[in-house]
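**Student:** In the order they appear, the protein sequences are chains A and B.
Using my numbering, the first residue of the first sequence is number -9, and each one after it goes up by one.
Using my numbering, the first residue of the second sequence is number 51, and each one after it goes up by one.
Virtual Cβ for every residue (Gly too), placed ideally from N, Cα, C.
The structure is given below, and queries will be raised subsequently.
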Amino acid sequence: MIRVMTGKVWKFGNDVDTDQIIPSQYLLLPNVEEMKQYTFETLDKDFASTVCSGDIIVGGENFGSGSSREQAPLVLKALGVSAVVAKSFARIFFRNAINIGLPVVICKEVYDTVKQKDTLEIDVQKGTIKNLTVDKNFTSTKLPAHVMNILEAGGLIGFLNQK
Amino acid sequence: MGMTIGEKILARASGKALVKPGEIITAKVDLCMSNDGTTHLNIDIFENQLKAEKVFDPRKVVFIVDHNVPSESAKTAEVHKKMRIFAQKHNIPFYEGTGVCHQIMIEDFIVPGQLIIAADSHTCSYGGLGAFGTGVGCTDFTSVMNTGEIWLMVPETLKFEIEGSFKSGVYARDLILKIIGDIGANGANYKIMEFGGSAMKNFTIDDRVVLCNMAVEAGAKSGLVEPDEIAIEYVTSRGRQDMHIFKSDDDAVYEKTYQYNLDELEPMVARPHCVDDVVGVTQLGEVKIDQGFIGSCNNGRIEELRAAAQILKGKKINPYVKLLISPASKTVYLQALAEGLIDIFVECGGMVLNPNCSVCWGSCQGVIGEGETLISTGTRNFKGRAGHPNSSVYLASAATVAASALTGKITDPRGRI
């Protein structure tokens, strides 16, 4: 069962592409631990050194557009990001995040009012998001059952190994 | 209710008579491919997390080293070594330095009607031959490499009806930039972009691949062109006979249909830092450039090299500008040599690079510095894509890049051909 996640917000804009999440020149480093220090290098070079375990990324439309690099959700997860909330996600990023067990939540409304460092509480099961800083409630799109099962298993590998 | 080509391919792959958008299917994969952008992670997942021992079918898995080749560091060399050892151990086809992965797949493997899953976003290129290609990440890929299956949601289809004919100096590249500019970088998110209309019979395979390849830049799951005698001739002339020719039914349901007339199209340019910030070259204003690049899975094939060479023949590029050319594959390179195009590129002051992802990938070759501007036939112009975080990438056709390399600023190629 996925727990309810509570974390501090890092807010980004529309069309945050995977090159901005983790630039190409770091993708062939041997592992994610070596890559993660470069996360969001072009958008916010202090992100990787100051993000805290449990923090939540909030994006606008088309979050994770561009390449299929799974390193993008992997570095976020490795830095302790607990979930990504966006108005919409690019297809491959969305799938990759589910496959590695990083909750991705679609919500059109929360973005416009949320501010940097606000605290959000996300319940993926119920499809609810609370902005605890300003005490506002939102609903998010529920994931299809098959997709939820993969997320529940901690990702696709966990799901396949369960079978 | 009829089906679109994409729906028919997914129906066949999932063993069903009919599929509908929104339905989740389990599909059997005809081919899967991975390159050096992620394969080292895939192998880790395969061996250490899945604890798998065999790939599902060694004839249906392809590894291609094309992103950082030749290796620029000892760490990259380790990644390539890991791929090579795995490929040898599992007896799977392995290519290193012979071209951009999608061009190799098109030349050597793809036939109409296939479902192809690959660990690269531009896998949608295969729609140029009427095959359904879609990009995935490491975990999906590794699962496919092990089981030969994947779950997919059947997407809605958008139809693009293309009429008319290209004016001189205007290419398929300009059309796809125009379309992405119109519908936006998420205008086809999760959907299929199907390209058709009366003009399509005049589109070569190179042209069709140009359209389908960039479908992902509008967010699409795949791009598709109905296979016809041109597509069949392309694959049969390369010794491949077994294929499934699917055409969209007359009563197929499209989410939306768009109309384009090539007679009205001009050379287009995507401005930094988003692929959908597109204007006609005549509306751009003066933009000085530091480097031009012709290559990539979108625009490094023989027809694009010919278009560039036509403009560069007998000329010299601006002395303060670099022009880098990377043919998309060994086959394209040899053809360009035979036609004398490489001579033209070298004589005009260009640098001809080995076939690889090169500047489009911005990691190992032709990387640009702070404040520099690149005009490229690559697939993306994201911030920092070609090097320094504070550098700029404009996207245009090979002809526009060639014309711009001569003048040192972004230049309309019409009138220079």
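Taking 8 Å as the cut-off, does the region 245 to 261 of chain B touch the region 274 to 281 of chain B (at least 3 CB pairs, one atom from each stretch)?
**Tutor:** Yes, since at least three Cβ pairs between the region 274 to 281 of chain B and the region 245 to 261 of chain B fall closer than 8 Å, the two stretches touch.
**Student:** What are the complete alpha helix (DSSP H) segments, minimum 4 residues, inside the region 136 to 171 of chain B?
**Tutor:** Correct list: 151 to 158.
**Student:** If we count Cβ pairs, one from each stretch, closer than 8 Å, do we get three or more for the region -5 to 11 of chain A versus the region 43 to 60 of chain A?
**Tutor:** Taking 8 Å as the limit for Cβ pairs, the verdict is that the region 43 to 60 of chain A does touch the region -5 to 11 of chain A.
**Student:** Using a cut-off of 8 Å between C-beta atoms, extract the partners of B/Thr189 located in chain A.
**Tutor:** By one-based count along the second sequence, residue 189 of chain B stands at place 139. Those are Glu60, Asn86, Asn89, Ile90, Gly145, Leu146 and Ile147, listed as they occur along chain A.
**Student:** Answer yes or no: does any C-beta atom of chain A fall closer than 7 Å to that of B/Cys151?
**Tutor:** Against the second sequence, residue 151 of chain B aligns to sequence position 101. Not one chain A Cβ lies under 7 Å of B/Cys151.
**Student:** Who are the Cβ neighbours of A/Cys42 in its own chain at under 7 Å, not counting the five residues just before and after it?
**Tutor:** For the purposes of this step, residue 42 of chain A is taken as residue 52 along the first sequence, with counting starting at 1. Closer than 7 Å at the Cβ level, and outside the excluded window around A/Cys42, lie Lys(-2) and Gly70.
**Student:** Does A/Thr121 come within less than 7 Å of chain B when only Cβ atoms are used?
**Tutor:** Counted from its first residue, the first sequence places residue 121 of chain A at position 131. First, the amino acid is wrong: residue 121 of chain A is Asn here, not Thr. No, no contact with chain B.
**Student:** Evaluate A/Pro63 with the Cβ neighbour count: other Cβ atoms within 10 Å of its Cβ, from every protein chain shown; 16 or more gives buried, anything less gives exposed.
**Tutor:** Reading the first sequence from its first residue, position 73 is the one you call residue 63 of chain A. So A/Pro63 counts as buried.
**Student:** Helix, strand or coil for B/Tyr308 per DSSP?
**Tutor:** Working through the second sequence from its first residue, we reach residue 308 of chain B at position 258. DSSP places B/Tyr308 in strand when its eight states are reduced to three.
**Student:** Identify every residue that forms a DSSP beta bridge with A/Gly49.
**Tutor:** The residue labelled residue 49 of chain A in the question sits at position 59 within the first sequence. According to DSSP, which records beta bridges pairwise, A/Gly49 is partnered with A/Ala76.
**Student:** Please return the same chain residues whose Cβ sits closer than 7 Å to the Cβ of B/Val266, not counting the five positions on each side in sequence.
**Tutor:** By one-based count along the second sequence, residue 266 of chain B stands at place 216. If we look at B/Val266 and ignore the five residues flanking it on each side, its Cβ neighbours are Ser171, His172, Cys174 and Gly185.
**Student:** Exposed or buried, which one is B/Leu384 when buried takes at least 16 other CB atoms within 10 Å?
**Tutor:** Sequence index remark: in the second sequence, residue 384 of chain B carries index 334 (1-based). It counts as exposed.
**Student:** Expressed to the nearest angstrom, what Euclidean distance is found between the alpha-carbon atoms of B/Phe182 and A/Ser72?
**Tutor:** Position 132 of the second sequence, counted from the first residue, corresponds to residue 182 of chain B. Position 82 of the first sequence, counted from the first residue, corresponds to residue 72 of chain A. Answer to the nearest angstrom: the Cα atoms are 34 Å apart.
**Student:** By Cβ distance, which residues of its chain are closer than 6 Å to B/Phe216, with the 5 residues on each side in sequence left out?
**Tutor:** Here residue 216 of chain B refers to the residue found at position 166 when the second sequence is read from its first residue. Excluding sequence neighbours, B/Phe216 sits near Leu312.
**Student:** Between A/Asp125 and B/Val303, what straight-line distance do the alpha-carbon atoms span, to the nearest angstrom?
**Tutor:** Numbered from 1 along the first sequence, position 135 holds the residue referred to as residue 125 of chain A. Numbered from 1 along the second sequence, position 253 holds the residue referred to as residue 303 of chain B. So the two alpha carbons sit approximately 44 Å from each other.
**Student:** Using three-state DSSP, classify B/Ile344 as helix, strand or coil.
**Tutor:** Translated into positions along the second sequence, residue 344 of chain B becomes position 294. Of the three classes helix, strand and coil, the one that applies to B/Ile344 here is strand, per DSSP.
**Student:** Report all residues from its chain with a CB closer than 7 Å to the CB of B/Val396; omit the five preceding and five following residues, and keep chain order.
**Tutor:** For this step, residue 396 of chain B is matched to residue 346 along the second sequence. Taken in chain order, the residues that qualify are Val402.
**Student:** Applying a beta-carbon distance threshold of less than 7 Å, which residues of chain A neighbour B/Pro439?
**Tutor:** Locating residue 439 of chain B in the second sequence gives position 389, where the first residue counts as 1. Residues of chain A passing the Cβ test: Glu31 and Thr32.
**Student:** Roughly how many angstroms separate the alpha carbons of B/Lys66 and B/Asp301, rounded to a whole number?
**Tutor:** As a first step, residue 66 of chain B is located in the second sequence; it is residue number 16 there, counting from the start. As a first step, residue 301 of chain B is located in the second sequence; it is residue number 251 there, counting from the start. Roughly 19 Å between the two C-alpha positions.
**Student:** Give the interface partners of A/Asp36 over in chain B, defined as CB-CB distance under 9 Å, in chain order.
**Tutor:** Mapped onto the first sequence, residue 36 of chain A falls at position 46. Those do not exist, as A/Asp36 stays about 14 Å from chain B at its closest Cβ, beyond 9 Å.
**Student:** Using the Cβ count rule (16 or more neighbours within 10 Å means buried), how would you classify A/Ile12?
**Tutor:** As a first step, residue 12 of chain A must be located in the first sequence, where it is residue number 22. It is buried - the Cβ of A/Ile12 has at least 16 other Cβ atoms within 10 Å.
**Student:** May I ask you to report which of helix, strand or coil DSSP gives B/Asn368?
**Tutor:** Start at 1 with the first residue of the second sequence, and residue 368 of chain B comes out as number 318. Looking at B/Asn368 - three-state DSSP - the assignment turns out to be coil, as it is neither helix nor strand.
**Student:** Please check if any C-beta of chain B sits within less than 7 Å of the C-beta of A/Asn139.
**Tutor:** Residue mapping note: residue 139 of chain A aligns to position 149 of the first sequence, counting from 1. A/Asn139 does not count as touching chain B.
**Student:** Residues of chain B with a CB under 7 Å from the CB of A/Glu51: which are they?
**Tutor:** Along the first sequence, read from residue 1 onward, the residue named residue 51 of chain A stands at position 61. What A/Glu51 touches in chain B: Asn236.
**Student:** Of all the CB atoms in chain A, is at least one closer than 7 Å to the CB of B/Cys324?
**Tutor:** Indexing the second sequence from 1 puts residue 324 of chain B at position 274. Yes, B/Cys324 counts as interfacial toward chain A.
**Student:** Can you list the residues of chain B that A/Pro93 reaches, using a CB-CB cut of under 8 Å?
**Tutor:** By 1-based counting over the first sequence, the position of residue 93 of chain A is 103. Result: empty, since nearest Cβ-Cβ is about 15 Å, beyond 8 Å.
**Student:** Note down the Cα distance separating B/Asp116 from B/Gly147, rounded to an integer number of angstroms.
**Tutor:** Here the question's residue 116 of chain B lines up with position 66 in the second sequence. Here the question's residue 147 of chain B lines up with position 97 in the second sequence. Going by the C-alpha atoms only, they are around 6 Å apart.
**Student:** Which residue's Cα is closest to the Cα of A/Lys77: A/Gly56, A/Ile140, A/Phe128 and A/Asn151?
**Tutor:** The sequence position of residue 77 of chain A within the first sequence is 87, counting from 1. Per the Cα distances, A/Phe128.
**Student:** Considering only the beta carbon of each residue, do A/Ile147 and A/Ile88 sit closer than 7 Å?
**Tutor:** Locating residue 147 of chain A in the first sequence gives position 157, where the first residue counts as 1. Locating residue 88 of chain A in the first sequence gives position 98, where the first residue counts as 1. Not in contact: A/Ile147 and A/Ile88 (Cβ atoms no closer than 7 Å).
**Student:** For the alpha helix (DSSP H) that contains B/Cys188, what are its first and last residues?
**Tutor:** Taking the first residue of the second sequence as 1, we reach residue 188 of chain B at position 138. Run containing B/Cys188: Cys188 to Thr197, per the alpha helix (DSSP H) assignment.
**Student:** Just list the alpha helix (DSSP H) runs in the region 122 to 153 of chain A, keeping only unbroken ones of 4 residues or longer that don't cross its boundaries, in chain order.
**Tutor:** Segments of the alpha helix (DSSP H) lying fully in the region 122 to 153 of chain A: 135 to 142 and 146 to 152.
**Student:** Of the choices B/Met155, B/Ala102 and B/Ile167, whose alpha-carbon is the least far from that of B/Lys78?
**Tutor:** On the second sequence, residue 78 of chain B is found 28 positions in, with the first residue counted as 1. Taking only the C-alpha atoms, the option nearest B/Lys78 is B/Ile167.
**Student:** Taking A/Lys111 as part of the beta strand (DSSP E), name the residues at either end of that continuous run.
**Tutor:** Residue mapping note: residue 111 of chain A aligns to position 121 of the first sequence, counting from 1. Residue 111 of chain A is actually Glu in this sequence, not Lys. Run containing A/Glu111: Thr109 to Asp113, per the beta strand (DSSP E) assignment.
**Student:** Quick check on this structure: which residue in B/Ala137, B/Ile392, B/Ser376 and B/Cys82 has the alpha carbon closest to the alpha carbon of B/Asn349?
**Tutor:** Locating residue 349 of chain B in the second sequence gives position 299, counting from the first residue. Of the candidates B/Ala137, B/Ile392, B/Ser376 and B/Cys82, the one whose C-alpha sits nearest the C-alpha of B/Asn349 is B/Ser376.
**Student:** I want to verify the contact list: residues of chain B whose CB lies under 9 Å from the CB of A/Ala73, in sequence order.
**Tutor:** By one-based count along the first sequence, residue 73 of chain A stands at place 83. Neighbours of A/Ala73 on chain B: none; closest Cβ ~18 Å, over 9 Å.
**Student:** Leaving out the 5 sequence neighbours to the left and right, which residues in its chain are closer than 7 Å to A/Val82 when beta-carbon positions are compared?
**Tutor:** Here residue 82 of chain A refers to the residue found at position 92 when the first sequence is read from its first residue. According to the sequence as given, residue 82 of chain A is Ile; it is not Val. Excluding positions up to five away in sequence, the list reads Ser58.
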